[in-house]
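*Asks:*
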């Protein structure tokens, strides 16, 4: 089994490179999560409490409600794409961090 | 006796072809289904795109394909909210849960929860919650399956449910996660094919013009059989004019959808089938692509049905809305007998793939969390014993679900059961998953309290809701969807349980370890060699 012999986790977690990795992740994940939850929850809230606004046409017969709902799909694709792109940088940081601590194993 | 009444229709032929194909896969997988990592996690050898398709196949249930298209055809925009919520939910999975879960766990979500806690109480509660969510979800699928199969190939409800149950058990017991994965992948491809074909035909009815299509939807009159109404307008089910609690119920539904998916055990276990967290991430991206396109297409075969089918065609004999049959009836109207047969077979494949995934996650949790870690206190000596217990559990879970589904009968409300499963997942599982990963102070009491509060509040509120034991008139809780109350209660329970119990130095000390492993993948479970 690939069980590394008990590393000193406290020491590992205290490394500056790890703190940088966490901070980098936080910089993207926290705002992105707040954004998508607000953008998403705005749909049912507007639909429920401002129905007249949501019934207004925006393009041909398509109204605000459908356009906003459709935009949620685009929003999901875009946030997911941004996450995938940003995560590649974390992978590089993670790789550097892990290779600096990897002890030679058989 | 029973068989004598079944005619050999094209639909039955395609059902049988699908069953034959999946049994071949199961037979091929069976040889590899030895040892825990192979049986429970397909040897962690599934590729990213494959797992993405399997996640999609595991997720897009009969409730999605048949239920949503029917709901949109009758209720317009309000039904479309399910399509939106089911997709956006994957951002919660992608951003917050998938990678840490893969890095720190082995087979189940409880691996993550129990990592720095006292394992026995946490695993016991997490296993209970997993079994609850999976079996409620499964009963919903079984009830739906029995009804649909009855209409599609004229097999009675009880034998149809038993047939589905037996097939699902064959996949799970003999083929394990590998067979289940491939059944889900094939189903996802078939479902996407069916959805594209159906959408294209609907658009064809409107001269392949989106303008004309939306024009027709805004004056949907069910082929001239009703007064025209604008299905793009919200509020037909959840509008304040229909029900004073409607808007709040709609918000509660939306919240349950977006947070529930990241707590569904049968989705979470899929991330253990890939080699590492990066592949788990790639598989969520694939799933988002596939699931997103599918739910956009519900625009066409949902709204479109209301412009093409006569109202009487999609009502039951007693005049009730026959939501589950809208898509197959639409397929029949547009593509004739063979296309109807194809869409029916897709619906059947959908049901089988989802129930197989559910049985797999329930039996994995029981064997790995409850048997190995609670009863045997984590004694690793019995590795093959774990698989054996899982196979026996699968058999019992299957038998009990079949029994309950038959007892509840074809009139049971499947949407109510699916809603309950999402509510329990969001209220019980998600708070403790997030706190485990992100909150150092979180401890055993908090985890058990969070799971128990979330589970109990979701179940109790649903029982008191208009769908519950007192019916619409006597409902004590006015909302059909409990999420808006039960999700905060789940978080609150986990938080209060933690701050009102003694600090747990051991759990806090292990946070560094969990955090480092979850965020970097150091020492995570590796793919097994051999295939």
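Protein chains in written order, with the numbering used here: chain F, 94 to 199; chain D, 4 to 534.
Quick reminder that beta carbons are idealized off the backbone N, C-alpha and C, glycines included.
Being a predicted model, the structure only gives us computed values, none of them experimental.
Looking only at its chain, what residues have a beta carbon closer than 7 Å to the beta carbon of residue 214 of chain D, apart from the 5 residues adjacent to it on each side?
*Replies:* As a first step, residue 214 of chain D must be located in the second chain, where it is residue number 211. Once the five neighbours on either side are set aside, residue 214 of chain D has no close Cβ partner at all.
*Asks:* Starting from residue 223 of chain D, follow its DSSP beta bridges and name the residues at the other end.
*Replies:* Numbered from 1 along the second chain, position 220 holds the residue referred to as residue 223 of chain D. The partner list for residue 223 of chain D (beta bridge, DSSP) reads D/232.
*Asks:* Would you call the region 165-183 of chain D and the region 352-366 of chain D in contact, with 3 or more CB pairs under 8 Å?
*Replies:* Judged by Cβ distances under 8 Å, the region 165-183 of chain D makes contact with the region 352-366 of chain D, as three or more pairs qualify.
*Asks:* At a CB-CB cut-off below 7 Å, which residues of chain B make contact with residue 103 of chain F?
*Replies:* Any reference to chain B falls outside this structure, whose protein chains are F and D.
*Asks:* Quick one: is residue 210 of chain D buried, meaning 16 or more other Cβ sit within 10 Å of its Cβ, or exposed?
*Replies:* One-based indexing of the second chain puts residue 210 of chain D at position 207. Under this definition residue 210 of chain D is an exposed residue.
*Asks:* So if I threshold CB-CB distances at 9 Å, which residues from the region 496-525 of chain D count as touching chain F?
*Replies:* Within the region 496-525 of chain D, the residues whose Cβ lies closer than 9 Å to some Cβ of chain F are 512, 513, 514, 515, 516, 517, 518, 519, 520, 522, 523, 524, 525, listed in chain order.
*Asks:* Do residue 526 of chain D and residue 286 of chain D have their C-beta atoms within less than 7 Å of each other?
*Replies:* As a working mapping, residue 526 of chain D is identified with position 523 in the second chain. As a working mapping, residue 286 of chain D is identified with position 283 in the second chain. Their beta carbons are not under 7 Å apart, which means residue 526 of chain D does not touch residue 286 of chain D by this criterion.
*Asks:* Pop quiz: residue 65 of chain D and residue 147 of chain D are said to be a contact at Cβ under 8 Å. What is the actual Cβ separation, rounded to whole angstroms?
*Replies:* Against the second chain, residue 65 of chain D aligns to sequence position 62. Against the second chain, residue 147 of chain D aligns to sequence position 144. Rounded, the Cβ-Cβ distance is 5 Å, consistent with contact.
*Asks:* Looking at C-alpha atoms only, which residue of D/155, D/35, D/73 is the closest neighbour of residue 325 of chain D?
*Replies:* Looking up residue 325 of chain D in the second chain gives position 322. Measuring from the Cα of residue 325 of chain D, the nearest candidate turns out to be D/73.
*Asks:* If you compare alpha carbons, which of D/96, D/35, D/253 is closest to residue 58 of chain D?
*Replies:* Counted from its first residue, the second chain places residue 58 of chain D at position 55. Per the Cα distances, D/96.
*Asks:* Ends of the beta strand (DSSP E) at residue 205 of chain D?
*Replies:* The residue given as residue 205 of chain D occupies position 202 in the second chain. Run containing residue 205 of chain D: none in the beta strand (DSSP E); it sits in the alpha helix (DSSP H), 179-208.
*Asks:* Tell me, please, whether the CB atom of residue 221 of chain D is closer than 7 Å to any CB atom in chain F?
*Replies:* The residue labelled residue 221 of chain D in the question sits at position 218 within the second chain. Yes, because at least one Cβ of chain F sits closer than 7 Å to the Cβ of residue 221 of chain D.
*Asks:* Pull up the distance between the alpha-carbon of residue 482 of chain D and that of residue 345 of chain D, whole angstroms please.
*Replies:* Position 479 of the second chain, counted from the start, is the residue given in the question as residue 482 of chain D. Position 342 of the second chain, counted from the start, is the residue given in the question as residue 345 of chain D. Whole-angstrom Cα-Cα distance: 38 Å.
*Asks:* Quick one: give me the first and last residue of the beta strand (DSSP E) that residue 152 of chain F is part of.
*Replies:* On the first chain, position 59 is the one that residue 152 of chain F refers to. It spans 150-152 - the beta strand (DSSP E) in which residue 152 of chain F sits, taken as one unbroken run.
*Asks:* Mind pulling the chain D residues with CB within less than 8 Å of residue 190 of chain F?
*Replies:* Residue mapping note: residue 190 of chain F aligns to position 97 of the first chain, counting from 1. The contacting residues are 523.
*Asks:* Could you list the residues in the region 251-277 of chain D with a C-beta less than 8 Å from some C-beta on chain F, going in chain order?
*Replies:* For the region 251-277 of chain D, which is checked against every Cβ of chain F, the residues closer than 8 Å are 251, 253, 254, 256, 257, 258, 261.
*Asks:* Could you check what DSSP says for residue 318 of chain D in three-state terms: helix, strand or coil?
*Replies:* Start at 1 with the first residue of the second chain, and residue 318 of chain D comes out as number 315. Correct three-state label for residue 318 of chain D: strand.
*Asks:* State whether the region 160-174 of chain F contacts the region 121-128 of chain D, with contact taken as three or more CB pairs (one from each stretch) at a distance under 8 Å.
*Replies:* No, they do not touch.
*Asks:* Return the CA-CA distance between residue 226 of chain D and residue 127 of chain F, expressed in angstroms with no decimal places.
*Replies:* For this step, residue 226 of chain D is matched to residue 223 along the second chain. For this step, residue 127 of chain F is matched to residue 34 along the first chain. C-alpha separation (whole angstroms): 44 Å.
*Asks:* If you run the structure through DSSP and keep just helix, strand and coil, what is residue 156 of chain F?
*Replies:* Indexing the first chain from 1 puts residue 156 of chain F at position 63. Strand.
*Asks:* Any beta carbon from chain F within less than 7 Å of residue 217 of chain D's own beta carbon?
*Replies:* The residue labelled residue 217 of chain D in the question sits at position 214 within the second chain. Yes, its Cβ sits closer than 7 Å to a Cβ of chain F.
*Asks:* Between residue 342 of chain D and the rest of its own chain, which residues show a CB-CB distance below 6 Å, the 5 nearest in sequence each way excluded?
*Replies:* One-based indexing of the second chain puts residue 342 of chain D at position 339. Cβ within range, chain order: 334.
*Asks:* Beta-carbon within less than 8 Å of residue 223 of chain D's beta-carbon, same chain only, minus the 5 sequence neighbours each way: which residues are those?
*Replies:* Start at 1 with the first residue of the second chain, and residue 223 of chain D comes out as number 220. Hits under 8 Å: 79, 231, 232, 233, 234, 306, 309, 310.
*Asks:* Check whether the Cβ atoms of residue 269 of chain D and residue 360 of chain D lie closer than 7 Å to each other.
*Replies:* Within the second chain, numbered from 1, the residue matching residue 269 of chain D stands at position 266. Within the second chain, numbered from 1, the residue matching residue 360 of chain D stands at position 357. Against a cut-off of 7 Å, the Cβ pair of residue 360 of chain D and residue 269 of chain D comes out as a contact.
*Asks:* Using a threshold of 7 Å, state whether the C-beta atoms of residue 154 of chain F and residue 32 of chain D are closer than that.
*Replies:* Against the first chain, residue 154 of chain F aligns to sequence position 61. Against the second chain, residue 32 of chain D aligns to sequence position 29. Not in contact: residue 154 of chain F and residue 32 of chain D (Cβ atoms no closer than 7 Å).
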